[in-house]
């Protein structure tokens, strides 16, 4: 079982609910995005990153994007999972994020992120727990 961190940002609570389910499935540790840096990243075998789509389908710009950008040089070879909620569009922000993380050398679980339109229902919460469990077992 890997040591898993779950790092997320949430405005409405939807991505937070997803993060809590991922952490439950992984038996992982929630790390606020304000506390995640390269040194902290190195303490974990795998990391699940969660961020909702914002604006024109992009990562949240004031807290999450700067943190993720700072980590990009430390993601090579790291096992990660990506997840988040959205309220419009078709999930393009997640496809872009997966491509970006893979470009940084990260190994993205399943080669795609887990997305949820609006509030995560029971099925999505179960998928989040499975995502966490799969990440921890990977």
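Residue numbers (the UniProt record's numbering): 1 to 138.
From the three backbone atoms N, C-alpha and C, an ideal C-beta is built for every residue, glycine too.
With a threshold of 16 other beta carbon atoms within 10 Å, residue 43 falls short and is exposed. Bridge pairing for residue 79: 46, 107 [DSSP].
Of the other Cβ atoms in all chains shown, fewer than 16 fall within 10 Å of the Cβ of residue 12; this residue is therefore exposed. Counting of Cβ neighbours within 10 angstroms places residue 39 among the exposed residues, the total staying below 16. Under the three-state reduction of DSSP, residue 69 is assigned to helix. The residue from 133, 37, 51 with its alpha-carbon nearest to that of residue 113 is 51.
By the CB criterion at 7 Å, residue 101 and residue 2 fall outside the cutoff. With 16 or more other Cβ atoms inside 10 Å of its own Cβ, residue 20 counts as buried. The C-alpha of residue 120 is placed about 23 Å away from the C-alpha of residue 46.
A Cβ-Cβ contact shorter than 7 Å links residue 31 with residue 5. Under the DSSP assignment, residue 114 falls in the beta strand (DSSP E) whose first and last residues are 114-117.
Residue pairing from DSSP leaves residue 127 without any beta-bridge partner.
Collapsing the DSSP output to three states places residue 5 in a strand.
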